[in-house]
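Note sheet for the following structure.
Protein chains: 2
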Amino acid sequence: MGGARRVANDPLRKQRILDATLTVIAEHGVHGTTHRRIAGEAGVPLGSLTYHFDGLGDIIEQAFARMARSMSERYHAALTAAPDQPAACAAVTDLICGEEYATPRTLALLHEMYAYANHNSTVAETLRQWLRRSRASLARHFSERACRAIDALIEGWPMHQAWEREPLDRDLVRETVTAVAQRLG
Amino acid sequence: MGGARRVANDPLRKQRILDATLTVIAEHGVHGTTHRRIAGEAGVPLGSLTYHFDGLGDIIEQAFARMARSMSERYHAALTAAPDQPAACAAVTDLICGEEYATPRTLALLHEMYAYANHNSTVAETLRQWLRRSRASLARHFSERACRAIDALIEGWPMHQAWEREPLDRDLVRETVTAVAQRLG
DNA sequence: TCTGAGTGCGTACGAACGTACACACTTCTC
DNA sequence: GAGAAGTGTGTACGTTCGTACGCACTCAGA
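Chains as they are written, first to last, in full-length UniProt numbering: chain A, 1 to 185; chain B, 1 to 185.
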């Protein structure tokens with residue numbers, strides 16, 4: 001019977017492995033991500049990875065899914081807190097310029113995810129979900145057309161800026177976002 | 001003496017290998033790019049790669065450099081052809097919506113390059129050069145502040161759109177670009 | 001206390017990889 | 001025609017990878 005069910009010794013191990021995976025990807029890229037590096041980063045034995053996951057692809061897919069979920073939540077929280085459109089513009093400006101979203105680690109992971117999604121349909125679906133949710137968060141404050149333009153700005157600006165020497169001009173970002181929001185309704 | 005200089009049988013071989021490398025990267029990602037796949041795609045023997053290049057990293061670096069140069073030239077040509085700012089806005093709209101720049105293959109390669117540049121300083125420098133050149137092309141028609149915003153749009157919009165089902169709304173893009181250009185000088 | 005089912009891990013193996021290198025081939029000089 | 005020098009390639013080697021799997025361990029039920 002199923003009664004003799006043992007419980008896992010370390011229930012958080014799966015999540016620790018996924019977090020370690022994201023660290024390895026951010027540091028070495030997907031092309032440098034291996035079972036052994038992940039195990040070393042997470043401090044777990046090599047066999048633990050094949051026990052909890054169905055291969056390296058499965059680990060990477062779940063790691064990206066985990067990242068997408070946590071980013072989606074932060075995104076949603078930042079935008080739903082805004083009472084009106086000017087506040088929403090400020091929130092978007094924070095997302096673009098801020099220290100939370102546009103960290104080097106996050107941007108590196110985002111690039112890796114976009115690149116990997118081109119070759120893995122599961123990650124591609126995860127990515128589409130996250131784009132859909134972020135647009136839904138924007139739609140509370142902006143017209144559908146404005147959403148598309150602002151989404152492009154949120155996407156492109158930090159990515160470009162990551163390769164510049166100087167920090168982003170916050171006033172310029174806010175002015176651009178506001179202009180787009182007003183012009184497109 | 002150096003007089004007995006033999007000439008290469010196939011002087012275009014290096015370029016064919018680099019083009020094949022880009023094809024392999026677009027199809028399998030950097031993480032799935034190997035000497036053997038490149039050789040197969042280019043139709044050259046395996047030993048030919050180690051003869052012409054100093055390892056796989058060298059091949060990838062030169063392939064990305066080749067891509068950046070050709071894209072930079074197209075970018076420059078599209079923008080210098082525009083006589084005034086409205087024409088430049090149209091050119092930018094074409095870059096974002098067009099069939100030339102925003103192809104699935106090009107976008108996939110761009111993502112791979114951005115991701116790889118985080119872990120390879122040579123490719124990072126190549127990327128910075130290409131960003132500098134594209135901004136210089138924009139600067140012929142727009143203020144420096146407008147350049148930054150438009151650059152972000154060119155970057156972010158096709159990348160987002162690649163994951164949508166429906167094609168881009170050309171009028172929306174043109175209106176956004178024009179609005180940003182006017183508002184920021 | 002004994003048993004058995006489920007948990008978790010150390011190790012080993014086949015495959016694929018990057019790279020080196022011995023060797024054929026071609027063309028120029030004498 | 002003989003030798004030299006540079007071009008290009010087939011193959012083989014050492015390494016590292018992903019993954020499988022036998023085995024130790026733990027505890028619920030009898």
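All C-beta atoms in this analysis are idealised placements derived from N, C-alpha and C, irrespective of residue type, glycine included.
Presumed contact (8 Å Cβ cut-off) between residue i and residue j, rounded CB distance
| i | j | result |
| --- | --- | --- |
| A:D151 | B:H160 | 6 Å |
| A:V177 | A:V123 | Actually they do not touch by this definition, with Cβ atoms about 29 Å apart. |
| A:R140 | A:L49 | Actually they do not touch by this definition, with Cβ atoms about 40 Å apart. |
| A:H28 | B:H28 | No, A:H28 and B:H28 are not in contact; Cβ-Cβ is about 18 Å, not under 8 Å. |
| A:A26 | A:A108 | 5 Å |
| B:A179 | A:A179 | 6 Å |
| B:R132 | B:H76 | With 8 Å as the limit, B:R132 and B:H76 do not qualify as a contact, their Cβ atoms being about 12 Å apart. |
| B:T156 | A:G98 | The question names Thr, yet the displayed sequence has Gly at residue 156 of chain B. Actually they are not in contact, since the Cβ atoms of B:G156 and A:G98 sit about 17 Å apart, beyond 8 Å. |
| A:R174 | A:A90 | 7 Å |
Same chain only: Cβ atoms within 8 Å of residue i, ignoring 5 sequence neighbours per side
| i | result |
| --- | --- |
| B:L46 | H35, R36, A39 |
| B:Y116 | V30, I60, F64, V123 |
| A:M71 | Y101, T106, W130 |
| B:H52 | R13, K14, I17 |
| A:Q85 | H141, F142, A181 |
| B:P104 | A162 |
Chain A within 8 Å of residue i, Cβ atoms only
| i | result |
| --- | --- |
| B:L127 | yes |
| B:T176 | yes |
| B:Y75 | no |
| B:D151 | yes |
| B:Y101 | no |
| B:L172 | yes |
| B:H119 | yes |
| B:A63 | no |
| B:A139 | no |
| B:Y51 | no |
| B:A108 | yes |
| residue 187 of chain B | Residue 187 of chain B lies beyond the stretch modelled for chain B, which goes from 1 to 185, so this question has no answer here. |
Outcome for residue i when other beta-carbon atoms lying within 10 angstroms are tallied against a minimum of 16
| i | result |
| --- | --- |
| A:Q62 | buried |
| B:L127 | buried |
| B:T21 | buried |
| B:Y9 | At residue 9 of chain B the sequence reads Asn, which differs from the Tyr that was named. B:N9 is exposed by the Cβ-count criterion. |
| B:A162 | buried |
| B:A68 | buried |
| A:P158 | buried |
| A:A81 | exposed |
| B:D54 | exposed |
| A:S121 | exposed |
| A:R6 | Unreliable positioning characterises A:R6 in this predicted model, as indicated by a pLDDT of 47, which lies under 50. The coordinate reading is nonetheless provided below. The residue is exposed, with fewer than 16 neighbouring Cβ atoms inside 10 Å. |
Chain B contact for residue i (CB, 8 Å cutoff)
| i | result |
| --- | --- |
| A:E112 | yes |
| residue 188 of chain A | This structure cannot settle anything about residue 188 of chain A, because the visible part of chain A is limited to 1 through 185. |
| A:L71 | Note on residue identity: the sequence assigns Met, not Leu, to residue 71 of chain A. Not closer than 8 Å to any Cβ of chain B, the Cβ of A:M71 fails to qualify, so no. |
| A:M159 | yes |
| A:R183 | yes |
| A:H35 | no |
| A:R145 | yes |
| A:V180 | yes |
| A:V92 | no |
| A:E41 | no |
| A:R148 | yes |
| A:H28 | yes |
| A:H31 | yes |
| A:E155 | yes |
| A:L22 | no |
| A:L95 | no |
| A:L131 | yes |
| A:G2 | Summary for A:G2: the model assigns pLDDT 29, below 50, so the residue's position carries little reliability, and this model does not support an answer. |
Same chain, Cβ closer than 7 Å to residue i, neighbours up to 5 away in sequence not counted
| i | result |
| --- | --- |
| B:L184 | S143, R145, A146, A149 |
| B:I154 | V92, L95, I96 |
| A:R135 | C147, D151 |
| A:L138 | L79, C147, I150, D151 |
| A:R66 | L18 |
| B:D58 | none |
Contacts around residue i, its chain only, beta-carbon distance under 6 Å, and the 5 residues preceding and following it disregarded
| i | result |
| --- | --- |
| A:L172 | none |
| A:M113 | F64 |
| A:T33 | V24, I25 |
| A:L168 | C97, Q161 |
Residue i CB to nearest heavy atom of the ligand NAD below 7 Å
| i | result |
| --- | --- |
| B:V173 | This structure lacks the ligand NAD, and indeed carries no ligand of any kind. |
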